[in-house]
């Protein structure tokens, strides 16, 4: 059936120059991607790096798994948390998610 229908062609109009439009569209996507993805992620990574560098004995922290504890020892790659009286657990420094305000953990 399609073989019986002849194709329709536009009459002598000038072709639109889409090269500039495509470049502007691509640049717009790159700018949007930068402000919505790259910049916030880099900011979060920098803040986490500063948080890890500021760990010291006595700091109260929470890990990515939700374990609350007080830092009792800091090593190059690991941190030892006292999660209860006499109970210490060893974690990688990168697993520390946040620093808690002083006095949050009263039972330790």
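Numbering (my numbering), first residue to last: 1 to 108.
Cβ atoms here follow ideal geometry from the backbone N, Cα and C, with glycine treated the same way.
Remember, it's a predicted structure, so these values are computed and weren't measured experimentally.
Report the option in the options whose CA atom is closest to the CA atom of residue i.
{"i": "residue 78", "options": "63, 86 and 85", "result": "63"}
{"i": "residue 90", "options": "80, 96 and 84", "result": "80"}
{"i": "residue 92", "options": "75, 106, 104 and 6", "result": "75"}
{"i": "residue 103", "options": "58, 73 and 96", "result": "58"}
{"i": "residue 71", "options": "105, 50 and 39", "result": "105"}
Looking at the C-beta of residue i, does it have a partner C-beta in chain C at a distance below 8 angstroms?
{"i": "residue 98", "result": "No chain C appears in the structure shown, which is made up of a single protein chain."}
Per DSSP, residue i forms a beta bridge with which residues?
{"i": "residue 78", "result": "92"}
{"i": "residue 62", "result": "68 and 98"}
{"i": "residue 87", "result": "84"}
Classify residue i as helix, strand or coil using the three-state DSSP reduction.
{"i": "residue 68", "result": "strand"}
{"i": "residue 57", "result": "coil"}
{"i": "residue 106", "result": "coil"}
Please list, in chain order, all residues of the same chain as residue i whose beta carbon is under 8 angstroms from its beta carbon, the five residues on each side excluded.
{"i": "residue 111", "result": "With the chain represented from 1 up to 108, any question about residue 111 goes unanswered, as that position is not in the structure."}
{"i": "residue 101", "result": "60"}
Would you call residue i buried or exposed, if buried means 16 or more other Cβ atoms sit within 10 Å of its Cβ?
{"i": "residue 69", "result": "buried"}
{"i": "residue 60", "result": "buried"}
{"i": "residue 87", "result": "exposed"}
{"i": "residue 30", "result": "exposed"}
{"i": "residue 96", "result": "buried"}
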